[in-house]
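Below is one structure; the comments refer to it alone.
4 protein chains.
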Amino acid sequence: MGRREENKARKRAALLQTGLAMFLDQGVASASVEQIAAGAGMARGTFYLYFDGKDALFEAVIGQFFDPLMAMFDDVEAQLDAAKTPEACLQVYQIMAARIVMLGMTWRDVVLLVFQEMRGQSVPGLRTRERALIERITSLTQLAMDRGLVRKGDARLASLVILGAIERLYYEVLVGDLTLKEPGELATEATVVLSRILGLDLEMPRIPVG
Amino acid sequence: MGRREENKARKRAALLQTGLAMFLDQGVASASVEQIAAGAGMARGTFYLYFDGKDALFEAVIGQFFDPLMAMFDDVEAQLDAAKTPEACLQVYQIMAARIVMLGMTWRDVVLLVFQEMRGQSVPGLRTRERALIERITSLTQLAMDRGLVRKGDARLASLVILGAIERLYYEVLVGDLTLKEPGELATEATVVLSRILGLDLEMPRIPVG
Amino acid sequence: MGRREENKARKRAALLQTGLAMFLDQGVASASVEQIAAGAGMARGTFYLYFDGKDALFEAVIGQFFDPLMAMFDDVEAQLDAAKTPEACLQVYQIMAARIVMLGMTWRDVVLLVFQEMRGQSVPGLRTRERALIERITSLTQLAMDRGLVRKGDARLASLVILGAIERLYYEVLVGDLTLKEPGELATEATVVLSRILGLDLEMPRIPVG
Amino acid sequence: MGRREENKARKRAALLQTGLAMFLDQGVASASVEQIAAGAGMARGTFYLYFDGKDALFEAVIGQFFDPLMAMFDDVEAQLDAAKTPEACLQVYQIMAARIVMLGMTWRDVVLLVFQEMRGQSVPGLRTRERALIERITSLTQLAMDRGLVRKGDARLASLVILGAIERLYYEVLVGDLTLKEPGELATEATVVLSRILGLDLEMPRIPVG
DNA sequence: CATGAATGAGGTTTCATTCAT
DNA sequence: AATGAATGAAACCTCATTCAT
Numbered sequence: 111m112g113r114r115e116e117n118k119a120r121k122r123a124a125l126l127q128t129g130l131a132m133f134l135d136q137g138v139a140s141a142s143v144e145q146i147a148a149g150a151g152m153a154r155g156t157f158y159l160y161f162d163g164k165d166a167l168f169e170a171v172i173g174q175f176f177d178p179l180m181a182m183f184d185d186v187e188a189q190l191d192a193a194k195t196p197e198a199c200l201q202v203y204q205i206m207a208a209r210i211v212m213l214g215m216t217w218r219d220v221v222l223l224v225f226q227e228m229r230g231q232s233v234p235g236l237r238t239r240e241r242a243l244i245e246r247i248t249s250l251t252q253l254a255m256d257r258g259l260v261r262k263g264d265a266r267l268a269s270l271v272i273l274g275a276i277e278r279l280y281y282e283v284l285v286g287d288l289t290l291k292e293p294g295e296l297a298t299e300a301t302v303v304l305s306r307i308l309g310l311d312l313e314m315p316r317i318p319v320g
Numbered sequence: 111m112g113r114r115e116e117n118k119a120r121k122r123a124a125l126l127q128t129g130l131a132m133f134l135d136q137g138v139a140s141a142s143v144e145q146i147a148a149g150a151g152m153a154r155g156t157f158y159l160y161f162d163g164k165d166a167l168f169e170a171v172i173g174q175f176f177d178p179l180m181a182m183f184d185d186v187e188a189q190l191d192a193a194k195t196p197e198a199c200l201q202v203y204q205i206m207a208a209r210i211v212m213l214g215m216t217w218r219d220v221v222l223l224v225f226q227e228m229r230g231q232s233v234p235g236l237r238t239r240e241r242a243l244i245e246r247i248t249s250l251t252q253l254a255m256d257r258g259l260v261r262k263g264d265a266r267l268a269s270l271v272i273l274g275a276i277e278r279l280y281y282e283v284l285v286g287d288l289t290l291k292e293p294g295e296l297a298t299e300a301t302v303v304l305s306r307i308l309g310l311d312l313e314m315p316r317i318p319v320g
Numbered sequence: 111m112g113r114r115e116e117n118k119a120r121k122r123a124a125l126l127q128t129g130l131a132m133f134l135d136q137g138v139a140s141a142s143v144e145q146i147a148a149g150a151g152m153a154r155g156t157f158y159l160y161f162d163g164k165d166a167l168f169e170a171v172i173g174q175f176f177d178p179l180m181a182m183f184d185d186v187e188a189q190l191d192a193a194k195t196p197e198a199c200l201q202v203y204q205i206m207a208a209r210i211v212m213l214g215m216t217w218r219d220v221v222l223l224v225f226q227e228m229r230g231q232s233v234p235g236l237r238t239r240e241r242a243l244i245e246r247i248t249s250l251t252q253l254a255m256d257r258g259l260v261r262k263g264d265a266r267l268a269s270l271v272i273l274g275a276i277e278r279l280y281y282e283v284l285v286g287d288l289t290l291k292e293p294g295e296l297a298t299e300a301t302v303v304l305s306r307i308l309g310l311d312l313e314m315p316r317i318p319v320g
Numbered sequence: 111m112g113r114r115e116e117n118k119a120r121k122r123a124a125l126l127q128t129g130l131a132m133f134l135d136q137g138v139a140s141a142s143v144e145q146i147a148a149g150a151g152m153a154r155g156t157f158y159l160y161f162d163g164k165d166a167l168f169e170a171v172i173g174q175f176f177d178p179l180m181a182m183f184d185d186v187e188a189q190l191d192a193a194k195t196p197e198a199c200l201q202v203y204q205i206m207a208a209r210i211v212m213l214g215m216t217w218r219d220v221v222l223l224v225f226q227e228m229r230g231q232s233v234p235g236l237r238t239r240e241r242a243l244i245e246r247i248t249s250l251t252q253l254a255m256d257r258g259l260v261r262k263g264d265a266r267l268a269s270l271v272i273l274g275a276i277e278r279l280y281y282e283v284l285v286g287d288l289t290l291k292e293p294g295e296l297a298t299e300a301t302v303v304l305s306r307i308l309g310l311d312l313e314m315p316r317i318p319v320g
């Protein structure tokens with residue numbers, strides 16, 4: 111990468127970082143392009159050389175987390191299709207859990223930002239992404255039910271319950287109001303909730319995270 | 111109530127109602143005082159005779175739900191203190207659940223608004239209220255654990271899991287993406303989650319709601 | 111008119127006047143709302159209580175001249191329809207000329223502004239108005255030709271020639287590069303052009319203007 | 111011309127052409143250097159290697175028409191001074207008309223651009239050029255009057271009338287609202303106007319144009 | 001020669017809030 | 001009690017021009 115590209119990439123990264131910080135701090139609605147640009151060490155106009163506007167920056171910021179997440183789901187879907195036995199299926203499931211937790215840890219603040227803005231009106235696109243997420247989780251649950259891996263029931267309801275529970279736990283952790291003993295404990299807790307709700311009584315070996 | 115007070119109360123109510131609608135529709139940040147006042151059939155300036163500003167209106171709007179909710183918790187706390195047997199304890203618990211669901215149904219849109227703005231930065235007071243709510247739920251769970259009503263464990267974690275699960279279910283219902291067969295089914299589902307998470311195996315008679 | 115309405119009317123008038131001056135001075139494109147508002151003795155925001163934006167102000171400004179002008183043409187059309195003899199027809203024609211000149215004198219600067227912006231791209235609506243004007247003039251000329259009042263020929267061409275000639279004369283007068291002996295001389299010159307182009311050899315009594 | 115100069119000239123020409131197109135399309139004020147440079151296949155910065163700025167480009171664009179026009183007038187002036195008989199004078203006059211029409215046809219879009227911007231405030235230099243043009247035409251008319259070629263009168267007024275008439279005709283043709291049967295008809299019409307206004311009754315042979 | 005990143009002034013518009021009527 | 005005119009801060013975005021590479 112030449113000197114120019116390098117510099118450009120650095121500035122773009124600075125904007126993503128400062129934008130994230132400002133969005134988190136004051137909400138997307140009241141964070142201003144001016145502030146963000148200044149925080150990233152550049153003039154207002156320069157901002158527009160890198161992003162089309164505040165919304166585009168926001169999209170890029172959360173894309174850092176959402177894009178790999180969705181890519182991962184594509185991956186999982188393919189693996190599940192290929193899985194022949196319940197054990198293979200379960201393994202896919204577990205690895206997925208571990209990958210989600212790792213992504214969530216890597217993009218801690220982005221996830222927090224997503225929590226912050228998810229139900230607001232500032233960024234309507236988020237609800238769409240959320241819905242897509244729910245659909246994918248539900249279809250995975252349905253698959254697990256169909257293959258007899260878990261207690262049968264309403265896959266949608268169960269998925270929502272699990273999602274809500276983990277969401278809330280994660281949120282409290284991120285906000286600092288819930289302190290777990292070690293980074294991987296969240297995955298463990300998630301697994302517990304999962305097994306309780308889905309009536310999973312298989313022995314589930316713990317997956318090391320981080 | 112005299113003619114004057116009556117009129118005043120009517121206008122205040124109109125503002126609360128219009129404010130709620132606008133806040134829901136566009137978010138607190140972008141709803142304008144102008145719109146709200148006009149929607150309530152009065153001029154911009156008049157608005158300020160009833161509320162100190164947009165934030166004050168928002169506080170009043172969500173207070174309609176939160177104040178009775180908190181009052182109810184005061185009530186529950188007192189009753190729990192007075193309960194001598196596990197059965198009495200359970201009964202308090204169940205009545206509480208029913209009252210919460212009824213409150214939530216009565217103030218449907220307010221609750222939706224709270225969901226919308228809860229994690230945003232627009233109204234910082236909300237996080238405080240949320241925290242208070244969590245503390246109360248946790249202490250109730252702790253009490254139930256102490257009295258041997260439910261499986262022992264981390265009361266905080268369990269409470270968060272339950273709260274998160276119910277929250278998410280309720281949210282999907284409110285948003286229209288989850289349709290339940292009858293109004294009371296949410297309470298039933300909540301009970302199921304509760305029993306699964308807390309290992310409650312007592313027979314729980316269904317409580318009629320609404 | 112109450113004190114309030116009076117004040118409001120005064121401010122609106124001030125904006126029209128200042129707007130006209132600024133538009134003339136720097137062109138519509140580079141005149142700023144800020145300047146105009148300041149020039150009219152009010153804050154930027156106040157401007158928007160009176161007009162929807164710069165374009166709306168411009169429309170209002172030129173409407174002061176164009177609206178009466180078009181109304182006058184409606185009038186003339188009606189009168190021409192009612193005219194039974196060539197002499198009556200001619201009289202209508204002459205009175206029209208006098209009224210146009212008077213309007214032009216009354217709204218001197220507005221007309222100058224119209225000249226300024228007419229062929230530019232800033233205000234596309236102007237070309238439409240201009241076209242309407244041309245059509246009306248053409249149909250009047252056609253009528254005069256049909257009734258044998260003037261030498262027959264291409265009414266459109268003749269009208270354009272006359273319009274262009276008078277336009278240019280008027281423009282030079284307004285800009286200050288052409289000084290006529292007395293206010294009414296423009297009307298006289300216009301009449302001369304008219305008679306030359308249209309081959310009018312009737313005796314045309316001079317119409318006093320102003 | 112060396113390879114370098116050739117390339118340079120080609121780029122300059124590209125800028126002139128693209129600039130003309132953009133200026134016509136959106137007006138000088140809102141055409142951006144960015145667009146023009148991009149349209150001419152080069153970067154923003156490169157533009158400034160060829161022109162001092164947007165205004166300089168505009169000057170150069172209209173200079174393409176105005177410079178030959180003025181040079182032609184120098185020419186005409188010299189020829190008129192040398193003309194000894196009225197017939198020679200008239201011939202000069204006619205050739206001039208033909209040359210003007212040809213220039214106008216060659217630089218069609220430039221002339222249209224001049225019409226567009228002439229009375230605006232964007233480019234103050236235009237009014238100066240226009241004034242110079244008027245002075246020259248006037249002095250030619252004066253000369254023709256002095257030599258008894260045309261009916262005597264106010265040379266300035268007559269010149270303006272003729273200029274205005276032709277201007278308007280040409281404008282309507284360029285804008286597409288007036289369609290003439292053949293390219294040269296505009297010259298014929300101009301001649302008619304001229305003869306009517308100046309009382310020219312000499313036989314004027316038609317000059318082939320284009 | 002050519003580039004395009006950077007700047008920052010400048011423009012339009014919205015809105016919470018105050019205050020004279 | 002009610003009004004709505006007035007304010008001015010603040011936000012977004014564009015663009016001519018400069019300058020290091």
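Residue numbers (our numbering), protein chains in the order written: chain A, 111 to 320; chain B, 111 to 320; chain C, 111 to 320; chain D, 111 to 320.
Glycine is no exception: its CB is placed at the ideal position from the N, C-alpha and C atoms.
Inter-residue CB distance, residue i and residue j (contact presumed, cutoff 8 Å)
i	j	result
residue 245 (chain C)	residue 236 (chain C)	Not a contact, Cβ separation roughly 15 Å.
residue 231 (chain D)	residue 136 (chain C)	6 Å
residue 308 (chain C)	residue 275 (chain C)	Going by Cβ atoms, the distance from residue 308 (chain C) to residue 275 (chain C) rounds to 12 Å, so no, they are not a contact pair.
residue 220 (chain D)	residue 175 (chain D)	4 Å
Chain C within 8 Å of residue i, Cβ atoms only
i	result
residue 169 (chain D)	no
residue 139 (chain D)	yes
residue 225 (chain D)	yes
Chain D contact for residue i (CB, 8 Å cutoff)
i	result
residue 233 (chain C)	no
residue 287 (chain C)	yes
residue 66 (chain C)	Past the boundaries of the shown model lies residue 66 (chain C); chain C is included only from 111 to 320, so the question cannot be answered.
residue 122 (chain C)	no
residue 218 (chain C)	no
residue 320 (chain C)	The predicted model places residue 320 (chain C) with a pLDDT of 46, which falls under 50 and marks its position as unreliable; any figure quoted below should be read in that light. By this cut-off, residue 320 (chain C) is not an interface position.
residue 299 (chain C)	yes
Exposure label - residue i; buried when at least 16 CB within 10 Å
i	result
residue 160 (chain B)	buried
residue 203 (chain B)	buried
residue 229 (chain D)	buried
residue 306 (chain C)	buried
residue 238 (chain B)	exposed
residue 251 (chain B)	buried
residue 142 (chain B)	exposed
residue 192 (chain C)	exposed
residue 320 (chain A)	Residue confidence is low: residue 320 (chain A) scores 45 on pLDDT, short of 50, so the model does not pin down where it sits. No coordinate-derived value is stated.
residue 286 (chain C)	exposed
C-beta neighbour in chain A for residue i, strict 8 Å
i	result
residue 303 (chain B)	yes
residue 146 (chain B)	no
residue 296 (chain B)	no
Short CB-CB distance (under 8 Å) between residue i and chain B
i	result
residue 275 (chain A)	yes
residue 307 (chain A)	yes
Indicate whether the contact test is met: 3 or more Cβ pairs, each with one atom in the segment 217-227 of chain B and one in the segment 280-293 of chain B, closer than 8 Å.
yes
Three Cβ pairs or more, each shorter than 8 Å: is that satisfied between the segment 246-263 of chain D and the segment 193-200 of chain D?
yes
Does the pairing of the segment 117-133 of chain C with the segment 118-133 of chain B give three or more beta-carbon distances under 8 Å?
no
Taking contact to mean at least 3 C-beta pairs separated by less than 8 Å, is the segment 111-126 of chain A in contact with the segment 164-181 of chain A?
yes
Under 8 Å, with one C-beta from each stretch per pair, do the segment 203-221 of chain B and the segment 282-302 of chain B reach the 3-pair mark?
yes
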